[in-house]
Structure formats: structure tokens, C-alpha cells
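Chemist: Input: one structure, supplied below.
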Amino acid sequence: MAATLSASARCAPRAAAPAPRALVRTAGFAGMRRMNVLDVAEACPMAQARQAVCRRSGAAARSAAARAVTVMAAAVAPKKILMLGGTRFIGVYLARQLIEAGHEVTLLTRGKKPVTYRIPDDTDESFERFASSVKHIACDRTDAEAMKAALSNKGFEVVYDINGREADEAATVLDAVGPIEQYIFCSSAGVYKKSDQMPHREEDEGDFKSRHKGKLFTEDLLEKRGVNWTSVRPVYIYGPLNYNPVEEFFFHRIKAGRPICVPGSGMQVTQLGHVKDLATAFVKILGNPKAARQVYNVAGERYVTFDGIAKACAAAMGAPEPELVHFNPKDFDFGKSKAFPMRDQHFFASVDKAMADLDWAPEFGLLDGLRDSYEKDFGRGTYRKEPDYTADDMVLAKLKGKVSAMA
Numbered sequence: 001m002a003a004t005l006s007a008s009a010r011c012a013p014r015a016a017a018p019a020p021r022a023l024v025r026t027a028g029f030a031g032m033r034r035m036n037v038l039d040v041a042e043a044c045p046m047a048q049a050r051q052a053v054c055r056r057s058g059a060a061a062r063s064a065a066a067r068a069v070t071v072m073a074a075a076v077a078p079k080k081i082l083m084l085g086g087t088r089f090i091g092v093y094l095a096r097q098l099i100e101a102g103h104e105v106t107l108l109t110r111g112k113k114p115v116t117y118r119i120p121d122d123t124d125e126s127f128e129r130f131a132s133s134v135k136h137i138a139c140d141r142t143d144a145e146a147m148k149a150a151l152s153n154k155g156f157e158v159v160y161d162i163n164g165r166e167a168d169e170a171a172t173v174l175d176a177v178g179p180i181e182q183y184i185f186c187s188s189a190g191v192y193k194k195s196d197q198m199p200h201r202e203e204d205e206g207d208f209k210s211r212h213k214g215k216l217f218t219e220d221l222l223e224k225r226g227v228n229w230t231s232v233r234p235v236y237i238y239g240p241l242n243y244n245p246v247e248e249f250f251f252h253r254i255k256a257g258r259p260i261c262v263p264g265s266g267m268q269v270t271q272l273g274h275v276k277d278l279a280t281a282f283v284k285i286l287g288n289p290k291a292a293r294q295v296y297n298v299a300g301e302r303y304v305t306f307d308g309i310a311k312a313c314a315a316a317m318g319a320p321e322p323e324l325v326h327f328n329p330k331d332f333d334f335g336k337s338k339a340f341p342m343r344d345q346h347f348f349a350s351v352d353k354a355m356a357d358l359d360w361a362p363e364f365g366l367l368d369g370l371r372d373s374y375e376k377d378f379g380r381g382t383y384r385k386e387p388d389y390t391a392d393d394m395v396l397a398k399l400k401g402k403v404s405a406m407a
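The structure is reproduced here in C-alpha cells:
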């Protein structure tokens with residue numbers, strides 16, 4: 001399989017976008033002027049009052065936005081949809097939005113996890129609608145013969161591939177399902193080649209040596225097969241049910257009253273996106289001719305520093321600002337222990353193209369989104385992984401030794 005595909009084939013360039021609100025890009029990344037990268041409490045009383053109003057109105061605004069998405073999606077004729085995945089995180093929210101819009105949704109999983117379990121956002125009525133509507137096929141997507149037996153002649157019109165990692169997995173789906181109207185694929189912003197020019201844009205070069213290279217090859221395969229495809233590249237996804245310890249990493253340490261160990265200066269700039277905003281973007285691709293054979297970055301509209309994430313998590317919990325301990329990762333061998341949940345570099349992407357083509361905008365600011373995640377998950381005593389403080393203890397022990405030596 002060829003390792004490259006022209007940017008024009010994968011994603012037609014868009015007109016130059018205005019400078020992002022969080023950072024102003026000047027001549028190259030080194031010249032970026034840092035502005036208000038964290039949309040949490042500002043110092044002045046007026047700003048705090050404004051944010052208090054936003055917090056009170058946030059739930060109502062999101063409810064109205066959700067209704068608007070449902071109305072918009074309902075404008076698309078009901079589709080018979082096959083979703084690969086749908087029982088862990090992204091697909092859980094996406095499947096519910098699609099069913100609310102009147103589509104017939106079938107989840108294909110290996111059958112190891114229940115399909116119809118209740119999540120914190122469900123009401124009695126919405127859960128009943130979901131549980132009585134969603135369909136399920138238990139099958140291993142890597143088993144070509146089993147997939148053909150399970151999917152042929154089922155009449156699926158649209159595929160949402162939420163858990164695909166390799167091109168041959170997508171090929172198996174295409175071979176089994178037959179002609180379809182759309183193939184909507186969940187990729188990752190991790191496919192971009194590291195660059196000094198930020199934010200990442202859809203036309204940027206991909207890294208075919210990255211651990212996400214299979215997603216790039218999948219995009220190439222879909223193009224070569226002549227499918228009407230769209231690929232979505234999230235950055236760091238967070239929200240209730242998140243199985244990757246993004247916000248959970250900070251919540252555990254703040255709850256335990258521990259310092260948070262942050263690599264480098266803590267001023268590395270990154271980007272989070274709420275899972276419900278991601279699901280909404282996926283819905284807005286359905287039946288959208290502008291999305292044909294396109295790639296979209298999807299995440300929050302604002303950027304944030306590593307230190308800012310830690311402070312925002314504490315604010316979301318209603319906890320005091322945490323102690324931050326900065327360390328040089330090169331001074332340690334952490335083995336298999338993970339010292340920090342994000343790559344130690346600037347990593348963020350422009351979402352201008354998705355906002356323009358899909359008529360989409362994130363509903364969650366960072367603080368509101370983290371509060372939503374905390375109150376509907378970790379704050380209720382539920383989380384995916386027990387904390388591992390091995391790396392933290394190594395950092396703190398070494399730094400305390402230095403402090404003692406200097407005393």
C-alpha cells in the first residue's frame with residue numbers, strides 16, 4: 001500500500017482562518033504570543049461574575065444545543081446505520097444522538113460488554129428509547145468470514161467506524177457490508193507529523209511512523225476504494241466514561257491531596273475536546289455533502305497549558321489550586337509507569353474547517369466540560385483505573401533529596 005496520499009485528495013484546503021482566540025500565530029511557532037490559554041477564572045470580579053452567569057446558564061444552553069442537533073439530524077432521512085464499537089465512550093454518546101434523531105442503529109462489538117447500560121446523562125425516557133431501539137451484532141471485526149455472514153444483505157446505508165485501527169479492518173467491513181452511502185471514520189490527531197508550525201491543520205503531513213499510522217493507511221484505503229468517506233481527528237477526548245486517564249489522572253491526585261508532577265515548564269500547550277461535542281460533530285457529518293472525502297480536526301476551540309489543565313481540574317472539583325512540581329523527564333527512567341497523561345510537547349489542532357463545513361461549534365468550555373465529567377463520573381465515585389503513583393513518587397523523592405542537600 002502506498003505510504004502517501006496527496007493533501008488535496010484527502011482534504012481540500014480551506015481559506016486562511018482567523019488567528020485562534022487562545023494563541024496568536026505570528027511568524028512560526030516560536031513567535032506565537034501567549035494570550036489567555038485557560039478559560040477558567042480570571043482575576044477581576046467582573047470576569048468572575050460573568051463566569052458565574054455562564055455556569056448557571058450552561059446546562060440550559062447545552063440542552064438547547066442538543067435539541068438543535070436532533071432537529072438538524074432529523075432533517076436527514078432516517079438511515080440504517082452500522083456502528084463499529086459503541087459500548088465504551090465515544091460511541092455511547094453518538095449512538096444515543098443518532099437514535100434520538102430517528103435513525104436505526106446497530107452496534108457491532110465482540111459482545112464482551114453490555115450494549116444497553118444506563119449512563120449519567122440518560123433520563124428514564126431517553127434510556128428507554130435507546131434500550132428499545134438499539135440493535136446489536138456480536139462479531140469479531142477481524143474475522144472476514146464471520147463479518148460477511150453477519151453483515152451481507154443487511155441493507156446498511158452508513159457505517160460509523162469508531163474503533164478501527166488498521167486499514168485491513170476497514171477493508172473487512174467494506175467487503176462484508178456491500179455498497180454504502182457513507183463511511184465515517186474515527187481517526188486521531190496523533191497522525192500528524194511533529195511540526196514547528198502550529199496549530200495542526202488537516203492538510204498537514206501525516207507521520208507514517210507514528211503509533212497511529214494504521215489510521216492514516218485506513219484513510220488511504222477508503223480513498224482508493226472509492227467510498228464516500230469522512231475522517232475525524234480528535235485531539236485529547238475527555239468527559240464522563242473516559243477510559244483514557246486524561247482528566248482522571250488529575251482528579252485522583254487532587255482528591256488525594258498530592259502534588260501534581262508536570263514535565264518541563266508546564267507551559268506546553270495542548271487541547272482537549274468533550275466527548276459530547278465530538279459526538280455532535282459526527283452526527284453533523286451524516287448526509288452532509290461538504291464532508292465527502294474530507295478530514296476534520298475536532299476538539300475544543302481553546303488551547304490550554306499543562307499547568308492550566310491541572311488548575312482547571314481542581315476548579316472543576318471545587319478544590320484548592322494544587323501544588324505543581326515540575327521535573328525533567330530525561331532525569332528519570334519510569335519503566336512502564338506513566339508519569340503524565342499527555343505527550344510532552346505542544347500539541348493542538350485547528351477546528352476551523354469543522355466549524356465552517358459542519359456548522360458545528362463546541363458547546364463545552366474547558367471548565368464546564370471538566371465539571372461535567374467530574375460531577376457525572378469521578379465525583380460519584382466511579383472511575384476506570386486505580387491511580388498509579390509510582391512515577392510521582394520517583395520525582396518527589398529525587399526533588400526532595402535536592403531540597404535537603406541545599407538546606
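The opening position of the sequence shown corresponds to residue 1 in the UniProt record's numbering, with each subsequent residue numbered one higher.
Note that the Cβ used here is the ideal one computed from N, Cα and C, for glycine as well.
Values in this document were obtained by computation on a predicted structure and should not be read as measured data.
For the stretch 176-187 against the stretch 201-209, are there 3 or more C-beta pairs whose distance is under 8 Å?
Modeler: No: fewer than three Cβ pairs fall under 8 Å.
Chemist: Note the first and the last residue of the continuous alpha helix (DSSP H) segment covering residue 97.
Modeler: Looking at the DSSP string, the run of the alpha helix (DSSP H) that includes residue 97 is 90-100.
Chemist: Have a look at the DSSP bridge pairing and note the partners of residue 139.
Modeler: Residue 139 is not bridged to any residue.
Chemist: Is the CB-CB distance between residue 214 and residue 256 below 8 Å?
Modeler: Taking 8 Å as the Cβ cut-off, residue 214 and residue 256 do not qualify as a contacting pair.
Chemist: Give me, in chain order, the residues of the same chain whose beta-carbon lies closer than 7 Å to that of residue 278; leave out the 5 immediate sequence neighbours on both sides.
Modeler: Only 90, 234, 237, 298 meet the Cβ criterion.
Chemist: Go ahead and label residue 276 buried or exposed: buried means 16 or more other beta carbons lie within 10 angstroms of its beta carbon, across all protein chains shown.
Modeler: It is buried - the Cβ of residue 276 has at least 16 other Cβ atoms within 10 Å.
Chemist: Suppose you measure from the CA of residue 92 to the CA of residue 398; what does that come to, to the nearest Å?
Modeler: Residue 92 and residue 398: Cα-Cα distance of roughly 42 Å.
Chemist: Ignoring anything shorter than 4 residues or poking outside the stretch 277-326, list the alpha helix (DSSP H) runs there in chain order.
Modeler: Segments of the alpha helix (DSSP H) lying fully in the stretch 277-326: 306-317.
Chemist: Could you check what DSSP says for residue 263 in three-state terms: helix, strand or coil?
Modeler: Three-state result, residue 263: strand.
Chemist: According to DSSP, is residue 254 helix, strand or coil?
Modeler: Helix.
Chemist: From what residue to what residue does the beta strand (DSSP E) around residue 233 run?
Modeler: 229-234 is the span of the beta strand (DSSP E), which, as asked, contains residue 233.
Chemist: Given 8 Å as the limit, is there contact between the stretch 160-176 and the stretch 130-145, that is, 3 or more CB pairs closer than that?
Modeler: Contact holds: three or more Cβ-Cβ distances are below 8 Å.
Chemist: Tell me the DSSP secondary structure of residue 116 in three-state form.
Modeler: Residue 116 falls in the coil class under three-state DSSP.
Chemist: Per DSSP, what kind of secondary structure is residue 339 in: helix, strand or coil?
Modeler: Coil.
Chemist: Under DSSP, the alpha helix (DSSP H) around residue 372 begins and ends at which residues?
Modeler: Note, residue 372: alpha helix (DSSP H), 366-376.
Chemist: Which residues does DSSP list as the beta-bridge partners of residue 108?
Modeler: Per DSSP, 84, 137.
Chemist: In three-state terms, what does DSSP make of residue 214?
Modeler: Three-state DSSP puts residue 214 in a helix.
Chemist: DSSP state of residue 332, grouped into three classes?
Modeler: Correct three-state label for residue 332: coil.
Chemist: Roughly how many whole angstroms lie between the Cα atoms of residue 309 and residue 330?
Modeler: Looking at the two C-alpha atoms, the distance is approximately 22 Å.
Chemist: Going along the chain, which residues of its own chain have a beta-carbon closer than 6 Å to the beta-carbon of residue 160, five neighbours each way excluded?
Modeler: Excluding sequence neighbours, residue 160 sits near 83, 184.
Chemist: Could you tell me the alpha carbon to alpha carbon distance between residue 191 and residue 294, rounded to whole angstroms?
Modeler: So the two alpha carbons sit approximately 15 Å from each other.
Chemist: Kindly indicate which three-state DSSP category residue 168 falls into: helix, strand or coil?
Modeler: Looking at residue 168 - three-state DSSP - the assignment turns out to be helix.
Chemist: Taking the alpha carbon of residue 109 as the point to measure from, which residue in 386, 118, 220, 88 has its own alpha carbon closest?
Modeler: Of the listed residues, the one whose Cα sits closest to residue 109 is 88.
Chemist: When burial is assigned at 16 or more other CB atoms within 10 Å of the CB, is residue 311 buried or exposed?
Modeler: Buried: at least 16 other Cβ atoms inside 10 Å.
Chemist: According to DSSP, is residue 390 part of a helix, a strand, or is it coil?
Modeler: Correct three-state label for residue 390: helix.
Chemist: Do residue 323 and residue 259 have their C-beta atoms closer together than 8 Å?
Modeler: Going by C-beta atoms, residue 323 is nearer than 8 Å to residue 259.
Chemist: Pull up the DSSP beta-bridge partners for residue 161, would you.
Modeler: BP columns for residue 161 point to 84, 185.
Chemist: DSSP state of residue 246, grouped into three classes?
Modeler: Residue 246 falls in the coil class under three-state DSSP.
Chemist: Which term fits residue 343, buried or exposed, when burial requires 16 or more other beta carbons within 10 angstroms of its beta carbon?
Modeler: Residue 343 comes out exposed.
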